[in-house]
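Chemist:
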DNA sequence: GTATTATCTTAACAACGTACAGATCAGATA
DNA sequence: TATCTGATCTGTACGTTGTTAAGATAATAC
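Chains as they are written, first to last, in our numbering: chain A, 1 to 218; chain B, 1001 to 1218.
In structure tokens:
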């Protein structure tokens, strides 16, 4: 009845071949699913291997150890995070204050849409911080935020950041990060009048919060 | 030569008695030492038992499980945290803005002085959130912060919090919490000109950050 | 003094991360 | 085509973890 495709290299085979063919990516996908379902602490390398259908020793050929696999997850997280911040920045157009506000919203929005990834990314003990490319990907995301702060303060690219600029940057970063962290931690859940889930909370309270960001004094 | 005190109930004995006598507190002390040395993830129940000089099964008579022990640690953390916030509040005197700023400083200062405890307290998955007394101790600490916000907005105790008041509260909480979390996470370490350790960072940059807190609009 | 209860030990179990040796397969070389 | 080489995966095993069950010991109550 059904036509059967067999044995071609890329076709889905009922019985998995001895060689998996796509193990690395599937381990990453499994890891992301696990931390989403069970939290960052709920991750185990063996469970990831189980979901990919391989033995517990198989991942070692693609990642140095469990923290290495989570390093790859963090790397992809910072990539997506940077992209989200850049998109927010672009959405802000030429108005420096709007760029900053849009980036702030994008920051929190990313955390809401990627809770497990976000929480992993800021738990340095959980993954291999030396994982190749990770540091620069994090620096890239940070740089996008710094760019908007520089613009808001009228600093050119060559100009060094002033102490006041650093203070401003830290204040902006602190407020969006704190908001994200507290929301994901459920700390705001106790507050009454916040029915409607996290999205509603963000939509309701983030704009006025960002509006409270200090105007640049320069 | 030496006079020997033996067998009195409270005296330190070279060979520990079969009954420990002070196991619960020593387990808590050991747990706090471990998370300080090795991070929250570095904690193991067996290591805590080892340091207290008892078998791995002994803690079960004082705490339901490992998360229960960390629940006690978190409980004591929230107690000390609330005390610190209250002290800051008192230091602010009668000026509502000063009360709030002093509490903000106390918030960050607590995190800097109790990094492991602070990080544990805001990692709900790590400890038993149902641990007796924990929820109310957390609510107490939160209430102290809310009190200063109410005062800053001129709200009486009986008066309900307005949506704007909640927004203000969340902004204040977010900024001090985000600052604490990012500092402890080492995220600010990359920023140049911040040599001198965390204490220096706080002393230099927290005051201007707090000065950027929005004035109450009422 | 005896019984009860609280406290601790010993022993065991399943799950974990990881290392090691060997099996299997893909692709290059000849 | 045949063989070799390296990459990929399995099977097995070791030490560590949290937790439980059964028994030993000491403090307390009666």
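Ideal Cβ positions, reconstructed from N, Cα and C, are used throughout, including at glycine. Being a predicted model, the structure only gives us computed values, none of them experimental.
Using 8 Å as the Cβ pair cut-off and three pairs as the minimum, do the region 81-93 of chain A and the region 108-122 of chain A touch?
Modeler: The region 81-93 of chain A makes contact with the region 108-122 of chain A: 3 or more CB pairs, one atom from each, lie closer than 8 Å.
Chemist: Counting along the chain, where does the alpha helix (DSSP H) carrying residue 151 of chain A start and finish?
Modeler: 134-152
Chemist: For the alpha helix (DSSP H) that residue 44 of chain A lies in, which residues bound it at each end?
Modeler: Bounds of any alpha helix (DSSP H) do not take in residue 44 of chain A, whose DSSP letter is neither H nor E.
Chemist: Residues of chain A with CB closer than 9 Å to the CB of residue 1112 of chain B, please, in chain order.
Modeler: Chain A residues near residue 1112 of chain B: none, gap ~14 Å exceeds 9 Å.
Chemist: Using a Cβ-Cβ distance under 8 Å, would residue 79 of chain A count as near chain B?
Modeler: no
Chemist: Whole angstroms are fine: how far does the CA of residue 1148 of chain B sit from the CA of residue 1095 of chain B?
Modeler: Roughly 10 Å between the two C-alpha positions.
Chemist: With a cut-off of 8 Å, does the C-beta of residue 155 of chain A fall near any C-beta of chain B?
Modeler: Chain B contact via Cβ: absent.
Chemist: For residue 57 of chain A and residue 21 of chain A, I'd like the C-alpha separation in whole angstroms.
Modeler: 16 Å
Chemist: Let me confirm a value: residue 68 of chain A is counted as buried when at least 16 other C-beta atoms fall within 10 Å, else exposed. Which label applies?
Modeler: buried
Chemist: Residue 1063 of chain B by DSSP, collapsed to three states: which one?
Modeler: Coil at residue 1063 of chain B, not helix or strand.
Chemist: By alpha-carbon positions, which one of B/1138, B/1073, B/1063, B/1182 ends up nearest to residue 1031 of chain B?
Modeler: B/1073
Chemist: Drop a sphere of 10 angstroms on the beta-carbon of residue 1190 of chain B, count the other beta-carbons inside from all chains shown, and report buried for 16 or more, exposed for fewer.
Modeler: By the neighbour-count criterion, in which 16 or more other beta carbons inside 10 Å mark a residue as buried, residue 1190 of chain B falls on the exposed side.
Chemist: Express the C-alpha separation of residue 146 of chain A and residue 169 of chain A in angstroms, rounding to a whole number.
Modeler: 7 Å
Chemist: Among the residues of its own chain, which have a CB less than 6 Å from the CB of residue 1039 of chain B, if the five just before and after it don't count?
Modeler: none
Chemist: If we count Cβ pairs, one from each stretch, closer than 8 Å, do we get three or more for the region 70-84 of chain A versus the region 125-137 of chain A?
Modeler: yes
Chemist: In three-state DSSP terms, what is residue 1028 of chain B?
Modeler: helix
Chemist: Ends of the alpha helix (DSSP H) at residue 1095 of chain B?
Modeler: Element bounds for residue 1095 of chain B: n/a, residue is neither H nor E.
Chemist: Residue 28 of chain A and residue 76 of chain A look like a contact to me (Cβ under 8 Å); what is the Cβ gap, rounded to whole Å?
Modeler: Right, their Cβ atoms sit about 7 Å apart.
Chemist: Go to residue 164 of chain A, then tell me how far its alpha helix (DSSP H) extends in each direction, as first and last residue.
Modeler: That run of the alpha helix (DSSP H) goes 163-184.
Chemist: At a CB-CB cut-off below 8 Å, which residues of chain A make contact with residue 1188 of chain B?
Modeler: 170
Chemist: Determine, using beta carbons only, whether residue 19 of chain A and residue 1177 of chain B come nearer to each other than 8 Å.
Modeler: no
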